[in-house]
Ligand SMILES: [Zn+2]
């Protein structure tokens, strides 16, 4: 019986953060293997603690059962997922590469592997970590071995990655809520490929476009027609999967850009035609740039004036310059400082990362007075510590975040985390006794997912920009190989696409 292994190596990287990602960061979040992983990915398991019951690997296992119907075996290797952050250290990058190859070789005869990846990982010593991982698999397992990869739609595609992969599928929702479905659909293609039922043929395009599509949210007007069009293409049984990629802005690839990728069943010309048309559609939405983000002062005015909304719920303020969900450390204090100075009378919940303060205060009794400086310890060139005085509220050890404490600073309730301050769900505050319903404003460090998790109580969303590693203009620090929109005016996407795909015009 054919056997397909499955594994995950996933992290969304931020090239502008100096904070290195290590194996411990994966271990704190999601690092499981063998039987443990298999149980997590079964119908009754919880694949990712405190986050997703079913994600890509559960979807893949489900596809083996439903599409393979007893004709294929799924072989668990390992799953490693870390909260977004700075580049993997060389040791961390090589650790997972070597682990993947070693486990593939030790697993007995295999016909393929399903890999759940993000696609915008950053690592020291590699200009495309996912390509290097896939290449290591190809080297170890040979040219006939089938490789299927599921990706985030913020992945960065390069030719040397695309060329090594047999089938590929990306999320089709933003905020992302189709992890398991993506795993299932990509698994479906991989299972049928291994069984010889289909012969995948692929095509792709890479656009000199780094930012466009408005908010890029899938159900809002700018992007909705594109998603609908993609779905319509897949009504043709020859079209197996249509993916688009919206570029992760904090990737420093000199070839950064939106991309289109198509898998067809033994029809390369059709794949080319669909990829080409999708690329044209993506190019057309480039003029819709993201909305203006207010600064911290303007944010406070907006929160204060939202009286009725605060009464019937809360205002969610995304700390847009320090988004942990986009790889920032979460220790930027600019917004916190403004809220402390200007937010009197507004009950505000604010997160900050500071492992030293947590070590100092963890476990202290409620009501004990505290006087500490928080933030600015991991990236002092960008972030400054500020002094806060108040009393202890609570301490708790939590998956992914590490040890956390809550401090009462009068109108501000400050949650200090040991690991990345991933304030994305109401439970981030609730677990420490802070009910978001009761707050006037709740600060989050997530770009899109918080909009789903806070939907019940969020009456107004504000993206506040101060200064940090997740600002949209960090792209100005990148030395691109070609002119890219919107940094430059670009008349035609095709010459850059052809160059990036290695098709040099005669
Ligand atoms: Zn994403």
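Residue numbers (the numbering used here): 2 to 507. Note that CB positions come from ideal geometry on N, CA and C, so glycine has one too.
Spatially closest choice to residue 39 from 77, 71 and 315, by CA coordinates: In terms of Cα proximity to residue 39, the closest of 77, 71 and 315 is 77.
Nearest neighbour of residue 413, chosen from 431, 389 and 425 [CA to CA]: The residue with the shortest Cα to Cα distance from residue 413 is 389.
Residues of its chain near residue 162, where Cβ-Cβ distance is below 7 Å and the 5 sequence neighbours each way are ignored: 129, 131, 132 and 135.
Rounded C-alpha distance that separates residue 480 from residue 154: If you take the alpha carbons of residue 480 and residue 154, they lie about 23 Å apart.
Distance, residue 411 Cα to residue 229 Cα: In this structure, the straight-line span from the alpha carbon of residue 229 to that of residue 411 is close to 49 Å.
Whole runs of the alpha helix (DSSP H) within the region 122-179, excluding any shorter than 4 residues: If we require 4 residues or more, the alpha helix (DSSP H) runs fully inside the region 122-179 come out as 130-142 and 160-163.
Cβ-Cβ distance between residue 267 and residue 219 below 8 Å: Cβ atoms of residue 267 and residue 219: not closer than 8 Å.
Beta carbon nearer than 5 Å to a non-hydrogen atom of ligand 1: The set, ordered by position in the chain, is 153 and 155.
Buried or exposed by the 16-neighbour rule on C-beta atoms within 10 Å, applied to residue 43: For residue 43, the number of other beta carbons within 10 angstroms of its own is below 16, and it is reported as exposed.
C-alpha distance - residue 393 paired with residue 340, whole-angstrom precision: Across the structure, residue 393 and residue 340 are spaced so that their CA atoms are roughly 19 Å apart.
Other residues of its chain near residue 96: CB distance less than 6 Å, five sequence neighbours each side excluded: Correct list, in chain order: 24.
Burial state of residue 12, where buried means 16 or more other Cβ atoms lie within 10 Å: With 16 or more Cβ atoms within 10 Å of its Cβ, residue 12 is classed as buried.
Bridge-paired residues (DSSP) for residue 353: According to DSSP, which records beta bridges pairwise, residue 353 is partnered with 417.
Separation of residue 139 from residue 270, as counted between CA atoms: The straight-line gap from Cα to Cα measures roughly 26 Å.
Beta-bridge pairing of residue 461 - partner residues as DSSP gives them: According to DSSP, which records beta bridges pairwise, residue 461 is partnered with 316.
Three-way DSSP call (helix, strand, coil) for residue 50 in this model: Assignment of residue 50 by DSSP, reduced to helix, strand and coil, places it in the coil class.
Nearest candidate by alpha-carbon position, reference residue 87, set 197, 315 and 27: Residue 27 holds the alpha-carbon nearest to the alpha-carbon of residue 87 among 197, 315 and 27.
Identified DSSP bridge partners for residue 5: Under the DSSP definition of a beta bridge, residue 5 partners with 75 and 113.
Simplified DSSP state of residue 285, which is helix, strand or coil: In the three-state reduction of the DSSP assignment, residue 285 falls in the helix class, which pools H, G and I.
Beta-carbon proximity list for residue 357, same chain, < 8 Å, skipping 5 on both sides: The answer, listed in chain order, is 378.
Residue 485 at chain E interface by Cβ criterion, 8 Å: Protein chains in the displayed structure number just one, and chain E is not present.
Secondary structure of residue 97, DSSP reduced to three states: Annotated three-state conformation of residue 97 is helix, per DSSP.
Residue ranges of each alpha helix (DSSP H) within the region 324-399, 4 or longer: Segments of the alpha helix (DSSP H) lying fully in the region 324-399: 335-343 and 356-362.
Residue from 473, 262 and 240 with nearest C-alpha to residue 252: Selected option, being the one with the closest Cα: 473.
Residue 122 beta carbon less than 8 Å from that of residue 244: For residue 244 and residue 122, no; Cβs fall outside 8 Å.
Own chain partners of residue 351 with C-beta closer than 8 Å, once the 5 adjacent residues on each side are dropped: Setting aside the 5 residues that flank it on each side, residue 351 is surrounded in the same chain by 336, 337, 340, 413, 414, 415, 416 and 444, each with a C-beta closer than 8 Å to its C-beta; the list follows chain order.
Residue 449 and residue 210 closer than 8 Å at C-beta: Contact flag unset, no.
Beta-carbon gap between residue 60 and residue 188 smaller than 8 Å: Against a cut-off of 8 Å, the Cβ pair of residue 188 and residue 60 comes out as a contact.
Enclosing beta strand (DSSP E) for residue 201 [first to last residue]: Residues 201-207.
Candidates 385, 429 and 381: closest to residue 395 by CA position: When each option's Cα is compared against that of residue 395, the closest is 429.
Inter-residue Cα distance where the pair is residue 397 and residue 363: Each residue's alpha carbon lies about 8 Å from the other.
Touch test, the region 90-104 against the region 62-70, Cβ-Cβ under 8 Å, three pairs minimum: With a cut-off of 8 Å, the region 62-70 and the region 90-104 do not count as touching, because too few Cβ pairs lie within range.
Burial state of residue 507 (16 or more Cβ within 10 Å): In this prediction, residue 507 has a pLDDT of 43, which is less than 50 and means its spatial position is unreliable; what the coordinates show is noted afterwards. Classification for residue 507: exposed.
Residue 507 (DSSP reduced to helix, strand or coil): Confidence at residue 507 is low in this model, with a pLDDT of 43, below 50, so the placement of that residue is unreliable and no value is reported for it.
Among 456, 113 and 164, the one whose alpha carbon lies nearest that of residue 142: Among 456, 113 and 164, the Cα nearest to that of residue 142 belongs to 113.
Contacting residues, own chain, Cβ-Cβ under 8 Å from residue 158 (five flanking each side not counted): Excluding residues within five positions, the ones whose Cβ falls inside 8 Å are 120, 205, 207, 246, 260 and 262.
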